[in-house]
Structures are given as C-alpha cells and as structure tokens.
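Below: one structure, written as structure tokens.
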Amino acid sequence: MAAIRRPLRQALLLALILLLAPLAARAQSLIRDAEIEYALRQLARPLATAAGISPSSLRVMVINDSAMNAFVLDGQTIMIHSGLLLRLESAAEAQAVIAHEIAHIANGHITRRLANLRGANSAAAMGLLMSLAVAATGNAEAGAGIAMGSASSAQRLFFAHTRAEESSADQAGVRYMARAGVDPQAMVDVLDLFRGQEALSSTRQDPYVRTHPLTADRLRALRGFAAAYGGQAAGDETAEYWYARARGKLGAFLQSPRFTLRKAAGDTGTVGMMRRAIAHHRTPAPDKALAEMARLEQARPNDPFVQELKGQILLESRRVGAAVDAYARAVALAPDEPLILAGHGRALLALDSAQANRQALAVLEKARARDPRDPRMLRDLALAHARAGHDGMAALATAERYAVGGRMDTALVHAKRASGLLPRGSPGWLRAQDVLSLAESAKRRK
1 MAAIRRPLRQ
11 ALLLALILLL
21 APLAARAQSL
31 IRDAEIEYAL
41 RQLARPLATA
51 AGISPSSLRV
61 MVINDSAMNA
71 FVLDGQTIMI
81 HSGLLLRLES
91 AAEAQAVIAH
101 EIAHIANGHI
111 TRRLANLRGA
121 NSAAAMGLLM
131 SLAVAATGNA
141 EAGAGIAMGS
151 ASSAQRLFFA
161 HTRAEESSAD
171 QAGVRYMARA
181 GVDPQAMVDV
191 LDLFRGQEAL
201 SSTRQDPYVR
211 THPLTADRLR
221 ALRGFAAAYG
231 GQAAGDETAE
241 YWYARARGKL
251 GAFLQSPRFT
261 LRKAAGDTGT
271 VGMMRRAIAH
281 HRTPAPDKAL
291 AEMARLEQAR
301 PNDPFVQELK
311 GQILLESRRV
321 GAAVDAYARA
331 VALAPDEPLI
341 LAGHGRALLA
351 LDSAQANRQA
361 LAVLEKARAR
371 DPRDPRMLRD
381 LALAHARAGH
391 DGMAALATAE
401 RYAVGGRMDT
411 ALVHAKRASG
421 LLPRGSPGWL
431 RAQDVLSLAE
441 SAKRRK
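Here it is, written out as structure tokens:
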C-alpha cells in the first residue's frame, strides 16, 4: 500500500467512506458539478483561513443522499449530503456545518480516527470495500447486507465523534465563523434542526445525530459560545448568492421539474432562470430550456458555469456542435477547472471526428491531471485512448475508473492488461502498478 500514489489512494479511500456512512440499503454517489463545488469552496475559504488551514488544500463535495449528514473524509475533504444542503436555508448555516467539520480537522480528530482505522483489523474496512463492489453493480441491498457485519465497528472507528470532540469542534467552529465575519448563531440554528432526535432510536435518527452526539448540555454550551463570539458578523451577499446558486442547482436536478417550476415561478433573478432552465431540460422541453439559458447568458455573459450548463443541455439534447462551442467558451473563461474540461472532452468525443477525438484526448488528459477522482471523466478518457489506438492507456484509464469506484476485482483485470501493453517503467505502466498493488492487496484480504 505504501507505493500507492496519493491522489489514487485518496480516491480509493473516498470510495470506501461513501459506503461507510451511513449504511443505507441503497448506493450513494458523488455529485460532481463544477458550479456547486466552486460555490462551496467560496463558503469554506474564509473559514479555512480563520482556522489556519490553506484554503487550496480543502475540498467540499456533495453526496447524493437525502439524509442529513456531513463528515470529514481524510483531513482534506468535507463531504455534505445533498439532503442537508437542501434543508439549510442560508449561506451562514452551510458555513456553520463547514466550520464545524474544519474544526474536527484542525483539532486533530480526523488524524486520530485515520490512525484507529489503520491500526484495526482490516476486516471492517475490507467488508465495506466488498459492499461497495456489490453496490456498484446495482445490487445495493446485497451490498448493504455484506457490509452490515462490519458496519458498527467501522462506524465507531471512523465516523462517530465523542462528546468531548463535538464540544471542542463547536467552540472552535464558532470562533472560526466569528473571525470570518459569519454569524455564529447559524451554528445554533443548524443544531436546532436535530433537536429532540437524541431521544429517538438510532434507526429513526438522521445520520448526523448518530455521528455527532447531540445533548442538551451541548446545545446549552453552544448557545454560550455563540453569544460570546456574536456581534461580529457583517453579512456576506456574495456568499449568499453562491449558496443560492448551489442549492438552487442541486434542487433543480434532484427534485421534480414540476416542483421546481412552481417554486421558481416569478423569480426574475439569475438563480430562478437557472432553475427553470434545468427543470425544462429535465421535462424535457429543450427549446424552453435554451430560451431560459439565453436570458441567463445575457445576464451573466462571462460566467463559465452558465456556459457549462448550456453545453450540458445542448449535449444531452443531441445538439453536439453547439455543445462543443458552449463548452469551449466555458473553458476559455475557466481554463483550469477539471470538471468543465471533462465536459468539453465529452462533447468533443460526441462529435466523433478524427480531429475532435484528438482534441478530446488532450482535453481529458488535462482534466485527469487536475482531478483523477472523476469516474465519468476516466470512462471518457478510456474511450479517447481506444479511438487513438492506445490500447494500454485505455485499459489503464478503465482500471483506474473501476478502482475509484471500488470494483477491485474488475480493476485488477484491466490493470493487468494495461501492465502487459504499456512500456515497462513508463508513467502509465507505473500507474498500472499502483492499481495492481492495491487490487491484489484487497484480493488477499477477502
């Protein structure tokens, strides 16, 4: 395991953790969206600075799960359930959740939990990895069943915080909020969402309560912290705007189009335009969606995420040439955003001409260099290499995609093929050895 390179190791740990919390009888998946992740980075940036953590080292990502929960993955990545984001009504409340998780990082709680997981018998971790492999095939109930035997011990080892940790994270999180100019009362408001759940059975509690113990004493102490640090918040219209965009986009894609159109009716702002465009796209009513996008584009002509969304709508409406143009404009506005690059590469592949395929390969390699944890990008990268006749690199990208998704047996097959096709000692061959090492280790521990 020591030879596994850091990005892939983190991606595989992410795959493991997605099955670990909480163990629902259904598969969970990441929601990878450039605009949503950008918005959450803007919320996290001042809080990370206040905590003495480099903002560039911190990621905030969304899990597609209606339950309310948030947790820290590896000391660098905060995971928030979509259900919690849709429930929180302000940027300050979202920042309260992020501040609390940043406090767990800054206070060393995550380091100790990682040490506990590494030091424990590997049965729990491998049981969960096996469940991920099953869930990834679509048999989520079977996957959850495999994992149940190791769930309680793994959850204790990795996710459950002690009451002392929660209290210290509350106090530190409130302090970070005050330093960043965010109203600490928002953290009290967030915990009030869960008040009374401590009396429920664990099966009826939101996962957040099971992993973040909530008591009357904790709420009382938190109110004291908030009062002590209060009066320093000035409000942040920019944060509120970006949170509204993230929450609005998330809801428009996850909730029914009819619900979205009803809620967004009469909203003349850019968030309302975006929500209606997505709802019409999902109906599907592409002409109505593109009419809303035209109004949104006029309001925000230099917004890369507007161009990206336009490209997605066009591509999924099979207007491939126009989609390529929209994605190209998005890339010009945000040339280093990996998820936008991945979308551009996907659109170029859809053109399926010799020139477009060559361009797609270059764009997707650039996206992978910036974010190797995107399974959809890895799938497209494998296709681009296959069209170029690079069978070894196509096998490698496929192996990495399955590894990131936790399907280690399948990853092993493709990594062996890549290892046999690629020049020994080449960068691609070395990446194949990384996957082989981890996949074979997982196979031995079954």
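Just so we're aligned: 52 in the UniProt record's numbering is position 52 of the sequence shown, and the numbers increase by one with no gaps anywhere.
Using N, Cα and C, we set each Cβ at its ideal position, and we do this for glycine too.
Just so you know, these numbers come straight off a predicted model, no measurement behind them.
Neighbour-count burial assignment, Asn69, 16 or more Cβ in a 10 Å radius: buried
Exposed unless 16 or more other CB atoms sit within 10 angstroms - verdict on Ser56: exposed
Rounded straight-line distance, which links the Cα of Ala34 to that of Val188: One C-alpha to the other measures close to 30 Å.
Pairwise C-alpha distance: Leu309 and Leu378: 21 Å
Nonlocal neighbours in the same chain, by C-beta distance under 7 Å from Arg175, ignoring five residues either side: Apart from the 5 residues on each side of it in sequence, Arg175 sits with its Cβ closer than 7 Å to the Cβ of Tyr229 in its chain, given in chain order.
Rounded C-alpha distance that separates Gly406 from Phe305: 30 Å
C-alpha gap between Asn107 and Val320, whole angstroms: 49 Å
Burial state of Phe259, where buried means 16 or more other Cβ atoms lie within 10 Å: Exposed.
Identified DSSP bridge partners for Phe71: Met79
Val174 - DSSP class collapsed to helix/strand/coil: helix
Assigned secondary structure, Val60 (DSSP; H/G/I helix, E/B strand, else coil): strand
Selection from Ala91, Val60, Ser82 and Tyr243 that minimises the alpha carbon distance to Asp74: Val60
Alpha-carbon to alpha-carbon, Ala394 and Asp192: Rounded to whole angstroms, the gap between the alpha carbons of Asp192 and Ala394 is 50 Å.
CB of Ser82 within 8 Å of CB of Ile31, strictly: yes
Leu361 versus Asp267 - alpha carbon distance: 40 Å
Bridge-paired residues (DSSP) for Leu86: DSSP output for Leu86 lists no bridge partner at all.
Environment of Gly345 [buried if 16+ CB atoms lie within 10 Å]: buried
Straight-line Cα distance separating Thr410 from Ser441: 14 Å
4-residue-minimum alpha helix (DSSP H) runs that sit fully inside the stretch 230–271, ordered along the chain: 237–254 and 257–264
Nearest residue (CA-CA) to Lys249, options Asp236, Gly392, Val182 and Ala264: Measuring from the Cα of Lys249, the nearest candidate turns out to be Ala264.
Val435 to Tyr327 span [Cα, whole Å]: 32 Å
Beta-carbon spacing of Gly425, Ala418 below 8 Å: The answer is no: Cβ separation not under 8 Å.
Under the three-state DSSP convention, the category Leu341 falls into: helix
Inter-residue CB distance, Asp236 and Gly311 (contact presumed, cutoff 8 Å): Incorrect: roughly 30 Å between the Cβ atoms, too far for contact.
Option nearest Ala239 by Cα separation, candidates Ile36, Ala432 and Glu101: Comparing Cα positions, the closest option is Ile36.
Local conformation of Met130 per DSSP, three classes: Low local confidence applies: a pLDDT of 35 at Met130 is under 50, so the model's placement there is unreliable, with the coordinate-based value given in what follows. Looking at Met130 - three-state DSSP - the assignment turns out to be helix.
Whole-angstrom distance between Arg247 and Ala39, CA atom to CA atom: Distance between the alpha carbons of Ala39 and Arg247 is about 9 Å.
Helix, strand or coil at Leu30 according to DSSP, with G and I counted as helix: strand
Nearest candidate by alpha-carbon position, reference Arg223, set Phe194, Gln185 and Gly251: Gln185
Simplified DSSP state of Ser167, which is helix, strand or coil: helix
Heavy atom of the ligand NAD within 7 Å of Ile80 beta-carbon: You won't find the ligand NAD in this model; it holds no ligand whatsoever.
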